[in-house]
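*Asks:* Here it is, the structure, as structure tokens.
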Amino acid sequence: MRLRRRYAALLRRASALTSLPLVASLHAAVLIRGVPALLAASLIHGYAACGDLASARALFDETPRTLSARTALAGALSAHGRCAEALNLFSGLEAAEMDDRAATVLLAACARAGMVAEGRRVFARVPRPALQHYTCMVEMLGRAGEVEEAERMVAGMEARPDRIIFAALLAACRLHGRVDVAERVAGLMRRVRGLALGSQLRLEGKLRRPWQHLTKNWHHAPFQGRRMHQIDHIHIPVSTGAVDQDQRVSAKNSAWPSLSAFLLVRHCKRARF
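Note that the UniProt record's numbering numbers the sequence shown so that position 137 is 137, with each residue one more than the last.
Here is the structure:
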């Protein structure tokens with residue numbers, strides 16, 4: 001158990017560095033130590049974060065198809081734009097066999113692919129939807145133009161909506177020019193206690209110009225200049241990898257920003273991996 005935790009931590013750091021040689025070296029060490037099945041999901045995630053989907057898929061085919069392994073590969077495929085393949089990995093599984101993480105991955109894949117009907121079916125199978133599930137649904141419905149349905153979903157949530165859900169809903173209003181829905185969302189946001197929106201995109205600067213094309217009087221727009229609400233960039237946390245416009249993979253290095261490949265190699269040598 002201790003050895004598995006150590007390898008899992010090293011694989012997370014190697015994945016954050018997007019260093020394929022380090023992931024491959026740790027994979028070799030795992031094979032030598034004889035614990036590949038227990039770390040299959042971490043290895044799949046590591047290869048996918050480095051853009052090596054072929055190795056991730058080959059490893060998945062060689063190991064027991066546990067839920068964690070399916071989730072790791074599905075998240076990787078979805079992040080690389082292969083959403084249909086990601087959904088096929090869970091075909092035949094019952095709702096009771098899925099956990100919150102797997103449901104989030106599936107809903108994110110449906111949102112990316114625009115598969116609204118399939119997303120509704122997946123969401124209906126979640127016994128107790130969490131905030132991340134609602135976020136994926138609002139993102140999916142917003143992209144498909146179902147802004148009012150997304151609004152009703154947010155208004156009917158049992159849990160308190162957070163800033164990411166409101167950001168997704170407001171982005172849909174802006175995309176489809178639904179000033180009427182944005183006005184109602186603004187009122188809903190004022191009624192939510194303790195809501196603190198992000199600090200990256202100011203509505204005064206980012207949303208004022210698009211709304212002026214839809215309403216002649218800025219003071220009648222859903223967000224007045226004096227309210228200076230802010231919205232964060234919408235991000236569905238499925239995988240550390242992201243797909244660029246030319247379909248090449250780039251990965252965020254937000255985790256362990258001060259860690260370098262040299263330090264990780266030195267740590268492995270000291271631990272005699």
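C-beta: ideal position from N, C-alpha, C; glycine also.
Everything numeric in this text was worked out from a predicted model, so none of it was measured.
1. In angstroms with no decimal places, state the Cα-to-Cα distance between Glu97 and Pro129.
2. Please go through the stretch 111-156 and give each complete alpha helix (DSSP H) segment of 4 or more residues, from N-terminal end onward.
3. By Cβ distance below 8 Å, which residues in the same chain neighbour Met153 in space, the five residues on each side in sequence not counted?
4. What distance in whole Å lies between the Cβ atoms of Ala74 and Leu89, which are believed to be in contact at a cut-off of 8 Å?
5. Would you kindly report the start and end of the unbroken alpha helix (DSSP H) that includes Gly51?
6. Measure the CB-CB distance between Cys83 and Ala113 and report whether it falls below 8 Å.
7. Is the beta carbon of residue 280 sitting closer than 8 Å to the one on Leu3?
8. What number of angstroms, rounded off, separates the C-alpha of Leu17 from the C-alpha of Ala124?
9. Classify Leu53: buried if its beta carbon has 16 or more other beta carbons within 10 angstroms, exposed otherwise.
10. Helix, strand or coil: how does DSSP classify Leu89 here?
11. What's the gap between the Cα of Cys173 and the Cα of Asp100?
12. Around the C-beta of Gly156, are 16 or more other C-beta atoms found within 10 angstroms, so that it is buried, or is it exposed?
13. Span of the alpha helix (DSSP H) holding Gly75?
14. Compute the Euclidean distance between the alpha carbons of Leu20 and Ala49, then round it to the nearest angstrom.
15. Find the nearest neighbour of Leu67 within the set Leu93, Ala9, Asp180 and Leu26, judged by alpha-carbon distance.
16. Taking Cβ positions, are Leu59 and Ala8 nearer each other than 8 Å?
*Replies:* So, from the data block:
1. Cα-Cα distance, rounded: 15 Å.
2. Within the stretch 111-156, the complete alpha helix (DSSP H) runs of at least 4 residues are 116-124, 131-143 and 147-155.
3. Tyr134, Met137, Val138 and Leu141.
4. Separation of the CB atoms of Leu89 and Ala74 is rounded to 5 Å, and the pair is thereby assigned contact status at 8 Å.
5. Element bounds for Gly51: n/a, residue is neither H nor E.
6. For Cys83 and Ala113, yes; Cβs fall inside 8 Å.
7. Nothing in the structure corresponds to residue 280, since the chain is present only between 1 and 273.
8. The alpha-carbon separation between Leu17 and Ala124 amounts to approximately 37 Å.
9. Of the residues assessed, Leu53 falls on the buried side of the cut-off, its CB having 16 or more other CB atoms within 10 angstroms.
10. DSSP places Leu89 in coil when its eight states are reduced to three.
11. Cys173 and Asp100 have their C-alpha atoms spaced approximately 28 Å apart.
12. It counts as exposed.
13. In the DSSP assignment, Gly75 falls within the alpha helix (DSSP H) that extends over Leu67 to Ala79.
14. Looking at the backbone, the Cα of Leu20 and that of Ala49 are separated by about 9 Å.
15. The shortest C-alpha separation from Leu67 is found at Leu93.
16. For Leu59 and Ala8, no; Cβs fall outside 8 Å.
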